[in-house]
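Chains as they are written, first to last, in our numbering: chain A, -12 to 339; chain B, 25 to 402; chain C, 16 to 282.
Ideal Cβ positions, reconstructed from N, Cα and C, are used throughout, including at glycine.
Remember, it's a predicted structure, so these values are computed and weren't measured experimentally.
First comes the structure, then the notes that go with it.
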Amino acid sequence: MSALDAPPQASLLRPVLMGLAGLVAVALIGWLALPANIAVLLTSLVAVALACLAFTRFMGWSDRWMVIAIPLVWFVTFFLVPFFVLGRISLSEVAIAIPPYTSLWERAPDGTLEIIASFDNYLFLLSDSLYVSAYLSSIKIAAISTVLALLLGYPIAYYIARSPEPRRSILLLMVILPFWTSFLLRVYAWIGFLRRDGVINNILSWLGVIDEPLVMMQTDFAVYIGIVYTYLPFMILPLYATLVKLDDALLEAASDLGATPTVTFLTVTLPLSLPGIIAGSMLVFIPAIGEYVIPTLLGGPDTLMIGRVLWDEFFSSRDWPVASAVAIVMLILVVVPIMWLQAVQNRQEKNA
Amino acid sequence: MTSNPAIAANTRPWTNPAAKPFISIQNITKRFGDFTAVNDVSLDIYQGELFCLLGGSGCGKSTLLRMLAGFETPTAGKILIDGQDMARVPADKRPTNMMFQSYALFPHMSVEKNVAYGLLREGKSKAEAYARVAEMLKLVKLEAFGRRKPHQLSGGQRQRVALARALIKQPKLLLLDEPLGALDKKLREETQFELINIQETLGVTFIVVTHDQDEAMTLATRIGVMSEGIITQIGEPRDIYETPKSRFVADFIGSVNLFEGKVGPAAPDFMRVETEDLGPLNVLPVPGLTQGQTVWLAIRPERAWLTRTRPPEAINSVPGVVRDMGYVGHMSSYVVRLANGRLVRVTQANEGRRENPISWDEQVTVSFEPADIRVLTE
Amino acid sequence: MKRGWFLPIVATLGFGFLYAPIVSLIVFSFNESRLVTVWGGFSTRWYGELLNDGQMLAAAWISLKVATIAATLATVIGTLAAFVLTRFGKFRGKLLMTGMITAPLVMPEVITGLSLLLLFVSMEMLLGWPAGRGLTTVVIAHATFCAAYVAVIAQSRLRDMDESLEEAARDLGAGPVRVFFDITLPVITPALISGWLLAFTLSLDDLVVASFVSGPGASTLPMVIFSKVRLGVSPDVNALATIIIVIVAVAVTIAGVLLMRQSKTAR
């Protein structure tokens, strides 16, 4: 009860002092150990947070909003606002300047603001068949890879979910392990596998299966392999999460009622694991659409994917407005699957 | 009633209209969206009571408890503890402590640290706190387990740590959410009496939430039966069992045979109730009933009386056939089918070994004493 | 499904598919020959060459710095986001926040990279900060998408955690801040450690976002590797990969064993 009777300053003083001490500590560590610009960033972040905290305390507001504000402001600034900037620049024109695009408004001679915004970049995307076919081909490649990942991932997830402990944990760890090693290096490893003089061709010709080396590198096939390989853990983990919750008694009940294993699978297991199938598929499909590294390293010159087009537009042509328009259209393509994923996850949360 | 009314009034303050309640719950309502969890509940609890809130799951008993602890804010109404309004007092400043259903022992702290936590937050010195911890662990017979982590204890030991932790700040009011729910049956029965002993030793007021009627009957000084957010009856365990106010309470506490009937013409010693199932029955007169009014008769199975032939002294008797019987050791339970097909449950104490017990398909007579028939109007 | 031959065979093939390329990477890192796929005898010369590659070492050092700072920042932000989402009930902006921690997980990297770059450029024009692009911008970019991963991990742990633990501490007289540091934080620490490690790895691994938001003098390791690999296979990259894989395997195994032991003892 004593804290209630204590003067209100007490509750203000202590956190402020502790905060100041923290600020000094961060600043010290920062100046000593970190690059200067990062130290400035960290120190100012802490300072801003402290100022807000002192202000909310001073105004007598609840600290609740302060705590909510930190992550909310960060994500709004560095995740949401960028999309608006992207949208804005997609409406401007390319210019030889730094940065290389025109301003959206200009002062007219009479002093009024004139807004210059055009949808020319979007019309350009529509008129040039390169972009349309790149979008379509991205969707096709992402979809085929997703189906392949599902076909491979489902039995693995099922096998792991039905394994007894501790084998289950070890297998699960083995699925996650490659994900922790460098993605770039794992894609790189496939070059050594798929090349003309690569491991697969060497083994096959040594076995006498083939006379001529198979052409696998620089084909769509290599891109499928690369995507499935890279994103397989993302497919397996949500599938595993739904399958492991599946009660054995359900399967026994189904077979007790006369269902064959296939029928049991189709009528019990599959419907119950649907949320996992959707979540896993979205986790593979969405990032695969914009994939850049895999088609660049494994695909051929005619492997058309929109991520690559965007990259070239930005880095080679330095046409930032068109690159932005490409990104905005891609964003529209992935918004629907993202919302679907979100809906599935919300529903699962509610059931849990 | 005891022979000395002065002492009786002392230990049962609720019978004394001048007594000042220690906890006063006034017209408390709690809504979650459209759902009303607690609906306009008023309740007075007195110093030193062991009050049980009894009800099925979702009846609002836990929500009421959590409002007392300060974890939920009432939508409307007022809670006074020892005369102080709790509306603006957050959970950490309330003079209450709670024992959680899951025990909520901090997994990363030893038993000692768990128990000391409350005292240290009060600003007590470590030496003082740990001296009290040692006392408290002795009270719950866990002196030897202070250094263990919660996961190294059995369920019963964890329950006692939780109790010690909740009691160490000597709260004015201890709230217990299903305190014995996680224990197995045998341990539960032992612990019930231990809980009563501790409560009497420390003189702390307890409010216990439970769904287990046996537990409530054993523990409580008074019981509040809750259903769908309202308290349907408050009373001592005996009152609740013997004189339930409604069909819900009669049916919820113990088992009961219920018969619908209409009040008949007045008779000199008894009141007559015409029932469809049992015909006319003589019951003790209840004031305030009008002729023709619909009432329900509640008869406990152990108050019915089973014989092969109709006993001459019986006032109410009906013939029937034994449909089912079960032998439970200290008693046997029967299901008797009446002429119109209605089933009546009867239990008979097995005193001594009977040579020729009543069995399946026998023609029997079920008799009821007028005093054992409870007339309900709702 | 009956316990037949189908599942074990597919699972074995699947794991083979996952591990064969990694194994071959390691094997050929000890290859004498420059031709990565033709065995020319055992040698550790590529490791020696790697150690003398100044550009590679500088990039590795930058990547380590970026990853450490970004992962720490991401853990703080992600934990706060998860805490707010699981413990604060309903508030305005909750749906927005939920969306903003799910979307970065699947957002194509090229979009994230380009939009963040454009943000930084616009901010520089409007506010004068950040002046140019380099370490700071990469750290901010990485912290943002890594925070989303940390938030997801922390969220699921917070949801599993028995909320009555926190209520019990409140009940015993601890204020909300005290409860967070005394109870919540220690209980979710294992999850936060794995969240930090994941953020660290993701940052260390990122090529696309870094390529967009990085500036001169701040080439990260994946950027240097990518420019090398684009030109074809080179055995010193194999050697580097082997080193990374060994470090990760050891770290993950230790972490996994620790986590498993933890989950067995404490719930």
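Q) How would you label Arg154(A), buried or exposed, when you count the other beta carbons within 10 angstroms and need 16 or more for buried? A) Walking along the first sequence from the start, residue 154(A) turns up at place 167. With fewer than 16 Cβ atoms within 10 Å of its Cβ, Arg154(A) is classed as exposed.
(Q) Please give the ranges of any beta strand (DSSP E) in the stretch 293 to 349 of chain B, keeping only runs that are unbroken, at least 3 residues long and fully inside the region. (A) Those beta strand (DSSP E) runs which fall completely within the stretch 293 to 349 of chain B and span 3+ residues are 295 to 299, 303 to 307, 318 to 323 and 328 to 331.
Q.
Are the CB atoms of Gly210(C) and Thr101(C) within a distance shorter than 7 Å?
A. Along the third sequence, read from residue 1 onward, the residue named residue 101(C) stands at position 86. Along the third sequence, read from residue 1 onward, the residue named residue 210(C) stands at position 195. No. Outside cutoff.
Q. Nearest-angstrom Cα distance between Leu160(A) and Gly259(B)?
A. As a working mapping, residue 160(A) is identified with position 173 in the first sequence. As a working mapping, residue 259(B) is identified with position 235 in the second sequence. Leu160(A) and Gly259(B) have their C-alpha atoms roughly 58 Å apart.
Q: Could you check the C-alpha separation between Ala156(C) and Leu131(C) for me, to the nearest Å?
A: The residue labelled residue 156(C) in the question sits at position 141 within the third sequence. The residue labelled residue 131(C) in the question sits at position 116 within the third sequence. Straight-line Cα distance between these residues: approximately 7 Å.
**Q.** Cα-Cα separation between Phe348(A) and Leu133(C), rounded to whole angstroms
**A.** Because chain A here runs from -12 to 339, residue 348(A) falls outside it and cannot be looked at.
Q: Would you list the one or two residues that DSSP bridges to Gln372(B)?
A: As a working mapping, residue 372(B) is identified with position 348 in the second sequence. DSSP lists Ser356(B) as partners of Gln372(B).
Q: Determine which residues share a DSSP beta bridge with Ile105(B) and list them.
A: One-based indexing of the second sequence puts residue 105(B) at position 81. Answer by DSSP bridge pairing, in chain order: Ile47(B) and Gln108(B).
**Q.** For Asp234(A) and Met16(C), the rounded distance between their alpha carbons
**A.** In the third sequence, counting from the first residue as 1, residue 16(C) sits at position 1. In the first sequence, counting from the first residue as 1, residue 234(A) sits at position 247. Note that Met16(C) scores 43 on pLDDT, short of 50, meaning its location in the model is unreliable; the coordinates nonetheless yield the value given after this. Pairing Met16(C) with Asp234(A), the inter-Cα distance amounts to about 13 Å.
Q | Boundaries (first-last residue) of the alpha helix (DSSP H) holding Ile258(B) | A | As a working note, residue 258(B) is residue 234 in the second sequence. From DSSP, Ile258(B) is part of no alpha helix (DSSP H) but of the beta strand (DSSP E) over Ile254 to Gly259.
Q) Is the stretch 210 to 228 of chain C in contact with the stretch 109 to 127 of chain B, if contact means three or more CB pairs nearer than 8 Å? A) In short, these stretches do not touch, since the Cβ pair count stays below three.
Q) When DSSP labels each residue in this structure, what does Ala33(B) get in the three-state scheme? A) What you label residue 33(B) is simply residue 9 of the second sequence in a count that begins at 1. Note that Ala33(B) scores 44 on pLDDT, short of 50, meaning its location in the model is unreliable and no value can be drawn from it.
Q: Return the bridge partner residues of Gln387(B) from the DSSP annotation.
A: For the purposes of this step, residue 387(B) is taken as residue 363 along the second sequence, with counting starting at 1. Secondary-structure assignment with DSSP links Gln387(B) through a beta bridge to Val345(B).
Q. Is Asp220(C) close to chain A, meaning its C-beta is less than 7 Å from at least one C-beta of that chain?
A. Working through the third sequence from its first residue, we reach residue 220(C) at position 205. Using beta-carbon distances, Asp220(C) counts as an interface residue toward chain A, with a partner under 7 Å.
Q. How would you list, in chain order, the residues of chain A whose beta-carbon sits under 9 Å from the beta-carbon of Glu124(C)?
A. Position 109 of the third sequence, counted from the start, is the residue given in the question as residue 124(C). Against chain A, the beta carbon of Glu124(C) has neighbours under 9 Å at Pro274, Gly277, Glu278, Tyr279, Val280 and Gly294, listed in chain order.
Q) So, Thr389(B) versus Pro343(B), is the Cβ gap smaller than 7 Å? A) Working through the second sequence from its first residue, we reach residue 389(B) at position 365. Working through the second sequence from its first residue, we reach residue 343(B) at position 319. Closer than 7 Å, so yes.
Q) Which of the three DSSP states, helix, strand or coil, is assigned to Cys39(A)? A) Position 52 of the first sequence, counted from the first residue, corresponds to residue 39(A). If DSSP states are grouped into helix, strand and coil, Cys39(A) belongs with the helices.
**Q.** Nearest residue (CA-CA) to Thr35(B), options Ala188(B), Asp64(B) and Gly227(B)
**A.** Within the second sequence, numbered from 1, the residue matching residue 35(B) stands at position 11. Cα-wise, what sits closest to Thr35(B) is Gly227(B).
(Q) Can you list, in chain order, the residues of its chain with a C-beta nearer than 8 Å to that of Leu238(A)? Leave out the 5 residues immediately preceding and following it. (A) Here residue 238(A) refers to the residue found at position 251 of the first sequence. Closer than 8 Å at Cβ, skipping near neighbours: Thr251, Val255 and Thr256.
Q. For Ala128(B), which residues in chain C fall below 8 Å Cβ to Cβ?
A. What you label residue 128(B) is simply residue 104 of the second sequence in a count that begins at 1. What Ala128(B) touches in chain C: Asp177, Ser179, Leu180, Glu182 and Ala183.
**Q.** Best match in Val297(B), Val164(B), Glu266(B) and Glu152(B) for proximity to Phe217(B) [C-alpha to C-alpha]
**A.** Along the second sequence, read from residue 1 onward, the residue named residue 217(B) stands at position 193. Residue Val164(B) holds the alpha-carbon nearest to the alpha-carbon of Phe217(B) among Val297(B), Val164(B), Glu266(B) and Glu152(B).
Q: Would you mind giving the Cβ-Cβ distance between Arg347(B) and Asp301(B), rounded to the nearest angstrom? I have them listed as a contact below 8 Å.
A: Here residue 347(B) is taken as the residue at index 323 of the second sequence, counted from 1. Here residue 301(B) is taken as the residue at index 277 of the second sequence, counted from 1. Between Asp301(B) and Arg347(B) the Cβ distance is about 15 Å, and since that is not below 8 Å, they are no contact.
**Q.** Assigned exposure category for Ile240(C) - 16 Cβ within 10 Å defines buried
**A.** Within the third sequence, numbered from 1, the residue matching residue 240(C) stands at position 225. When all chains shown are included, Ile240(C) counts as buried.
**Q.** Asp186(C) versus Ala93(B) - alpha carbon distance
**A.** By 1-based counting over the third sequence, the position of residue 186(C) is 171. By 1-based counting over the second sequence, the position of residue 93(B) is 69. Answer to the nearest angstrom: the Cα atoms are 7 Å apart.
Q: State whether the stretch 185 to 193 of chain A contacts the stretch 103 to 111 of chain A, with contact taken as three or more CB pairs (one from each stretch) at a distance under 8 Å.
A: With fewer than three CB-CB distances shorter than 8 Å, the stretch 185 to 193 of chain A does not count as touching the stretch 103 to 111 of chain A.
Q. Mind checking whether Ser260(A) and Leu230(A) have CB atoms under 7 Å apart?
A. Your numbering for residue 260(A) matches position 273 in the first sequence. Your numbering for residue 230(A) matches position 243 in the first sequence. Yes, these two residues count as a Cβ contact at 7 Å.
Q | Amino acids of chain A, ordered along the chain, whose beta-carbon sits closer than 7 Å to that of Ala264(C) | A | Counted from its first residue, the third sequence places residue 264(C) at position 249. Correct list: Leu164.
Q | For Leu59(A) and Gly108(C), believed in contact at Cβ under 8 Å, the rounded distance | A | Numbered from its first residue, the third sequence carries residue 108(C) at position 93. Numbered from its first residue, the first sequence carries residue 59(A) at position 72. At roughly 6 Å, the Cβ-Cβ gap stays under 8 Å, so Gly108(C) and Leu59(A) are in contact.
Q) Does Gly104(C) come within less than 7 Å of chain B when only Cβ atoms are used? A) Walking along the third sequence from the start, residue 104(C) turns up at place 89. With its beta carbon at least 7 Å from every one in chain B, Gly104(C) lies outside the interface.
Q) When the distance is taken between beta carbons, is Gly170(B) closer than 7 Å to Val135(B)? A) Walking along the second sequence from the start, residue 135(B) turns up at place 111. Walking along the second sequence from the start, residue 170(B) turns up at place 146. Their beta carbons are under 7 Å apart, which means Val135(B) touches Gly170(B) by this criterion.
Q) Pick from Tyr175(A), Arg51(A), Ile265(A) and Leu253(A): whose alpha carbon is nearest that of Gly190(C)? A) Reading the third sequence from its first residue, position 175 is the one you call residue 190(C). Sorting Tyr175(A), Arg51(A), Ile265(A) and Leu253(A) by C-alpha distance to the C-alpha of Gly190(C) places Arg51(A) at the top.
**Q.** Met140(C), buried or exposed, once every other Cβ within 10 Å from all chains shown has been counted against 16
**A.** Taking the first residue of the third sequence as position 1, residue 140(C) is located at position 125. When all chains shown are included, Met140(C) counts as exposed.
Q) In terms of residues, what are the limits of the alpha helix (DSSP H) holding Asp207(A)? A) Residue 207(A) sits at position 220 when you count from the first residue of the first sequence. The continuous alpha helix (DSSP H) containing Asp207(A) extends over residues Asp207 to Leu230.
**Q.** As assigned by DSSP and simplified to three states, the class of Gly190(C)
**A.** Within the third sequence, residue 190(C) is the residue found at index 175, counting from 1. Coil at Gly190(C), not helix or strand.
Q: With distances taken Cα to Cα, identify the nearest neighbour of Pro311(B) among Thr99(B), Pro304(B), Phe294(B) and Ser279(B).
A: By one-based count along the second sequence, residue 311(B) stands at place 287. Out of Thr99(B), Pro304(B), Phe294(B) and Ser279(B), the CA that lies nearest to the CA of Pro311(B) is found in Phe294(B).
Q: Determine, using beta carbons only, whether Phe160(C) and Pro145(C) come nearer to each other than 7 Å.
A: Indexing the third sequence from 1 puts residue 160(C) at position 145. Indexing the third sequence from 1 puts residue 145(C) at position 130. Between Phe160(C) and Pro145(C), the CB-CB gap reaches or exceeds 7 Å.
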